Amino acid sequence: MTEKTKGYLEKHGDDASTIDLLPSRFYENFILTGIRVLLIQPGRILCSLKVPARLLNENNSLHGGASASLVDCIGSAALATLGAITTGVSLEISVSYLDAAYLDEEIEIDSKVLRMGKTIGVVNVELRRKGNGKIIAQGRHTKYLAFSSKL
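Each residue of the sequence shown is one higher than the last, beginning at 1 in full-length UniProt numbering.
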């Protein structure tokens, strides 16, 4: 069993060299391709996504890491709607997984800024089933918003 686990975690061979050749910022494109912005206003972004096969886990449902990445990316974008010069650096991300989303299911990602200070921003992000509004995951993201010195 430990060898099977080790094999799952360690990736070798041609895969590693191919992955290393991927373009810069590949990860954001991998997660965000297919996002449609439905609403954008100061402090809020509402998007939809038809769950693609590339974001599924071994149970054929939306991978928890993909959900957390959506919280990160869409939450950061909501901070930008309030004039943040940079999307900053994550201080904390927490995600509660409440249900599953499956291949080709349409979900909504609703990001709302809870607090925007001079150096700290806090965002709440919900992933919901578009058809009935049932919450799939709920995340909170706290970011340090770097600012330029006046010196």
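Quick reminder that beta carbons are idealized off the backbone N, C-alpha and C, glycines included.
The model shown is predicted, which means the values in this text are computed figures rather than measured ones.
When the Cα of residue 60 is compared with those of 82, 2, 105 and 131, which residue comes out closest?
On the sequence shown, position 60 is the one that residue 60 refers to. Nearest of 82, 2, 105 and 131 to residue 60, Cα basis: 105.
In the structure shown, what three-state DSSP assignment does residue 124 receive?
For the purposes of this step, residue 124 is taken as residue 124 along the sequence shown, with counting starting at 1. If DSSP states are grouped into helix, strand and coil, residue 124 belongs with the strands.
For the beta strand (DSSP E) holding residue 90, just list the boundary residues, first then last.
One-based indexing of the sequence shown puts residue 90 at position 90. Looking at the DSSP string, the run of the beta strand (DSSP E) that includes residue 90 is 89-97.
Between the alpha carbons of residue 91 and residue 144, how many angstroms are there, rounded?
Stepping through the sequence shown from its first residue, residue 91 is reached at position 91. Stepping through the sequence shown from its first residue, residue 144 is reached at position 144. C-alpha separation (whole angstroms): 6 angstroms.
Applying the criterion that 16 or more other CB atoms from any shown protein chain within 10 Å of the CB defines a buried residue, is residue 75 buried or exposed?
Taking the sequence shown and counting its residues from 1, the one referred to as residue 75 is at position 75. Of the other Cβ atoms in all chains shown, 16 or more fall within 10 Å of the Cβ of residue 75; this residue is therefore buried.
Just the Cα atoms here: how many angstroms apart are residue 32 and residue 55?
Stepping through the sequence shown from its first residue, residue 32 is reached at position 32. Stepping through the sequence shown from its first residue, residue 55 is reached at position 55. If you take the alpha carbons of residue 32 and residue 55, they lie about 10 angstroms apart.
Less than 8 angstroms between the CB atoms is what I'm expecting for residue 93 and residue 68, so what's the real figure, rounded?
Position 93 of the sequence shown, counted from the first residue, corresponds to residue 93. Position 68 of the sequence shown, counted from the first residue, corresponds to residue 68. Sure, about 6 angstroms apart at Cβ, within 8 angstroms.
Between the C-alpha atoms of residue 115 and residue 40, what's the straight-line distance to the nearest angstrom?
Taking the first residue of the sequence shown as position 1, residue 115 is located at position 115. Taking the first residue of the sequence shown as position 1, residue 40 is located at position 40. Answer to the nearest angstrom: the Cα atoms are 17 angstroms apart.
Give the straight-line distance between the Cα atoms of residue 52 and residue 84, rounded to the nearest whole angstrom.
For the purposes of this step, residue 52 is identified with residue 52 of the sequence shown, where counting begins at 1. For the purposes of this step, residue 84 is identified with residue 84 of the sequence shown, where counting begins at 1. Each residue's alpha carbon lies about 30 angstroms from the other.
Might you give, ordered along the chain, the residues of its own chain that have their beta carbon closer than 7 angstroms to the beta carbon of residue 80, omitting 5 neighbours on each side?
Numbered from 1 along the sequence shown, position 80 holds the residue referred to as residue 80. These residues qualify, in order along the chain: 87.
What do you reckon, are the CB atoms on residue 44 and residue 78 nearer than 8 angstroms?
For the purposes of this step, residue 44 is identified with residue 44 of the sequence shown, where counting begins at 1. For the purposes of this step, residue 78 is identified with residue 78 of the sequence shown, where counting begins at 1. Against a cut-off of 8 angstroms, the Cβ pair of residue 78 and residue 44 comes out as a contact.
Cα separation between residue 129 and residue 10?
Reading the sequence shown from its first residue, position 129 is the one you call residue 129. Reading the sequence shown from its first residue, position 10 is the one you call residue 10. Inter-residue distance for residue 129 and residue 10 is about 34 angstroms (C-alpha atoms, whole angstroms).
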